[in-house]
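By the count of the numbering used here, the sequence shown reaches residue 603 at its end, each step adding exactly one.
Ideal Cβ positions, reconstructed from N, Cα and C, are used throughout, including at glycine.
Input: a single structure, listed below in structure tokens.
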Amino acid sequence: MSALDDALVLVVDDLETNIDILVETLGDAYDVAVAMDGPSALELAAAQRPDLILLDIMMPGMDGYEVCRRLAADPATADIPVIFLTAMTDVADKARGFASGAVDYVTKPFEPLEVQARVRTHLALTQARRELARQNEILESKVLERTRELAVTQEAIIEAMAGLAEYRDPETGGHIKRTKNYMRLLAATLRDHPRFCRFLTDETITLLYKSAPLHDIGKVGVRDDILLKPGQLTEAELTVMRRHPIYGREAIQAASLKLGPNSFLELAEEIAYTHQERYDGSGYPQGLAGEAIPISGRLMALADVYDALISRRVYKKPFTHAQAVAIILEGRGTHFDPDMVDAFMTVQEAMRQIALDFADHDDERQALENPYVA
Numbered sequence: 230m231s232a233l234d235d236a237l238v239l240v241v242d243d244l245e246t247n248i249d250i251l252v253e254t255l256g257d258a259y260d261v262a263v264a265m266d267g268p269s270a271l272e273l274a275a276a277q278r279p280d281l282i283l284l285d286i287m288m289p290g291m292d293g294y295e296v297c298r299r300l301a302a303d304p305a306t307a308d309i310p311v312i313f314l315t316a317m318t319d320v321a322d323k324a325r326g327f328a329s330g331a332v333d334y335v336t337k338p339f340e341p342l343e344v345q346a347r348v349r350t351h352l353a354l355t356q357a358r359r360e361l362a363r364q365n366e367i368l369e370s371k372v373l374e375r376t377r378e379l380a381v382t383q384e385a386i387i388e389a390m391a392g393l394a395e396y397r398d399p400e401t402g403g404h405i406k407r408t409k410n411y412m413r414l415l416a417a418t419l420r421d422h423p424r425f426c427r428f429l430t431d432e433t434i435t436l437l438y439k440s441a442p443l444h445d446i447g448k449v450g451v452r453d454d455i456l457l458k459p460g461q462l463t464e465a466e467l468t469v470m471r472r473h474p475i476y477g478r479e480a481i482q483a484a485s486l487k488l489g490p491n492s493f494l495e496l497a498e499e500i501a502y503t504h505q506e507r508y509d510g511s512g513y514p515q516g517l518a519g520e521a522i523p524i525s526g527r528l529m530a531l532a533d534v535y536d537a538l539i540s541r542r543v544y545k546k547p548f549t550h551a552q553a554v555a556i557i558l559e560g561r562g563t564h565f566d567p568d569m570v571d572a573f574m575t576v577q578e579a580m581r582q583i584a585l586d587f588a589d590h591d592d593e594r595q596a597l598e599n600p601y602v603a
């Protein structure tokens, strides 16, 4: 209904005299369809979707109350307003009519001006309601589109920032892809665990997956002669390397100042700053222990170490999956949260498959091919 003059009004009455009066009263202003019994009214309402129905109550066979109930029960006709036509003026009868879904009453004998006024009022309300629904649909569409745009922006920012670390360290390309998938797998596995269920919502798991690639962003602050050194680092060099969580936190904080409060960067900052902490307190840079280490940092620690073990580095060959699993188990309760290690053990084969899917080098694939060879 683009305008009130375009409205279709369905008149339902078993007396031709009443129909003639209503058609004459409304016909100059609106399109009018007629039905003389309940079943015909339901059929016409479903086929033509009138904008308003004037419905007689007292009809043989199916009365107006039943017609109104059926209209309200059908999603295709439930939003069509119904005005009852009746000679009954008892309050109980009116209450019954409203309970069955009517929006108003017109009493017989009809007063043309009253009929015209009530019809126009309810058509205007219907038009306003439909316009509001249309505007809500447009708004929801815009919100969804904006949400998609924000998600794309988030991912673009993360990829751009993570790419900085990748340019500095040629080993990080596959590492980024693998670790974010490890994170999602481990988090989903622990979703229902009593210790983690409040934190690991669907939204948080998605944010962990998106934020994980920034865990080593701080390596952009480490000198090449240390970052790419093919041999063992000296104590002085280790001290510099161990500052990369601090550098990472500072880099993400700088981005946050530009973008404002943002949950995915807050989580990325937490991961970057705490993923080198150990469950027994022997990690860095803060020496946090146990529950003091954020869940995100504990998850990243396990994912990061597993990947470091099965990957080629300038200072080592890739370990086999079995060797990596043994080292993870050895670190249960010392390096890693014990419950997270237990979860890792239940999905270790899926972890190995992720490593294979995103392996950087042939020797890494070969080491992963047989997961049970140490």
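Can you tell which of the options has the C-alpha that lies nearest to the C-alpha of residue i?
| i | options | result |
| --- | --- | --- |
| Arg472 | Leu419, Lys406, Gln577, Tyr502 | Tyr502 |
| Val469 | Asp285, Asp454, Arg478 | Asp454 |
| Gly256 | Ser269, Leu273, Asp235, Leu244 | Asp235 |
| Met287 | Glu253, Ala276, Asp322, Ala262 | Asp322 |
| Glu593 | Leu558, Pro514, Tyr535 | Tyr535 |
| Phe573 | Leu585, Asp589, Ala553, Arg363 | Ala553 |
| Lys545 | Ile524, Pro268, Leu462 | Leu462 |
| Asp285 | Leu597, Ala264, Ala275 | Ala264 |
| Leu300 | Pro423, Met317, Arg278, Ala465 | Arg278 |
| Thr430 | Ser525, Tyr476, Thr254 | Ser525 |
| Lys458 | Asp266, Arg298, Arg542, Arg407 | Arg542 |
| Leu415 | Ile250, Phe548, Gln582, Thr575 | Thr575 |
| Thr435 | Leu456, Val451, Asn410 | Asn410 |
| Ala452 | Leu443, Glu432, Tyr476 | The displayed chain sequence assigns Arg, not Ala, to residue 452. Out of Leu443, Glu432, Tyr476, Tyr476 has the C-alpha closest to the C-alpha of Arg452. |
| Leu314 | Asp566, Asp242, Phe428, Leu361 | Asp242 |
| Val570 | Leu352, Gln582, Leu528, Val381 | Leu528 |
| Gly403 | Ser511, Ser540, Ala596 | Ser540 |
| Pro289 | Ala307, Val252, Ser269, Ala328 | Ser269 |
| Thr350 | Arg407, Ile312, Val252, Asp303 | Ile312 |
| Pro474 | Gly516, Glu253, Asn365, Gly460 | Gly516 |
| Ile387 | Arg413, Glu366, Leu443, Ala353 | Leu443 |
| Gly519 | Met412, Pro567, Val381 | Pro567 |
| Ala305 | Ser511, Ala579, Ala276 | Ala276 |
Taking only the alpha-carbon atoms, compute the straight-line gap between residue i and residue j and give it to the nearest angstrom.
| i | j | result |
| --- | --- | --- |
| Ile405 | Glu495 | 19 Å |
| Leu538 | Phe587 | 15 Å |
| Tyr513 | Arg377 | 37 Å |
| Ala603 | Leu368 | Bear in mind that a pLDDT of 46 at Ala603, under 50, signals an unreliable position, so the model cannot answer this. |
| Leu585 | Glu598 | 8 Å |
| Glu343 | Asp260 | 18 Å |
| Val332 | Arg375 | 38 Å |
| Leu467 | Arg420 | 35 Å |
| His590 | Phe548 | 13 Å |
| Pro523 | Glu479 | 18 Å |
| Leu373 | Arg427 | 26 Å |
| Met317 | Leu271 | 23 Å |
| Pro341 | Leu273 | 24 Å |
| Gln345 | Val320 | 23 Å |
| Ala555 | Gln577 | 11 Å |
| Val240 | Ser370 | 37 Å |
| Asp509 | Ala530 | 13 Å |
| Leu281 | Thr433 | 48 Å |
| Leu237 | Tyr334 | 19 Å |
| Asp266 | Ala324 | 23 Å |
| Arg298 | Val348 | 20 Å |
Going by DSSP, what residues sit across from residue i in a beta bridge?
| i | result |
| --- | --- |
| Tyr655 | The structure shown does not extend to residue 655, since the chain is modelled only from 230 through 603, so no value can be given for it. |
| Val261 | Val238 |
| Asp319 | Answer is none; Asp319 lacks a bridge partner. |
| Leu283 | Val240, Ile312 |
Count Cβ pairs between the segment 444-451 and the segment 492-512 that sit closer than 8 Å; are there 3 or more? Here the segment 444-451 makes contact with the segment 492-512; the two share three or more CB pairs at distances below 8 Å.
For the pair the segment 246-254 and the segment 290-297, tell me if three or more CB-CB distances fall below 8 Å. no
In the segment 496-582, which residue ranges form an unbroken alpha helix (DSSP H) of at least 4 residues, counting only runs that do not cross its ends? 524-539, 550-559, 567-575
Residue ranges of each beta strand (DSSP E) run of no fewer than 3 residues wholly in the segment 433-492, ordered along the chain? List check, beta strand (DSSP E) in window: nothing returned.
Should the segment 435-443 be regarded as contacting the segment 549-568, the criterion being three or more beta carbon pairs within less than 8 Å? No, they do not touch.
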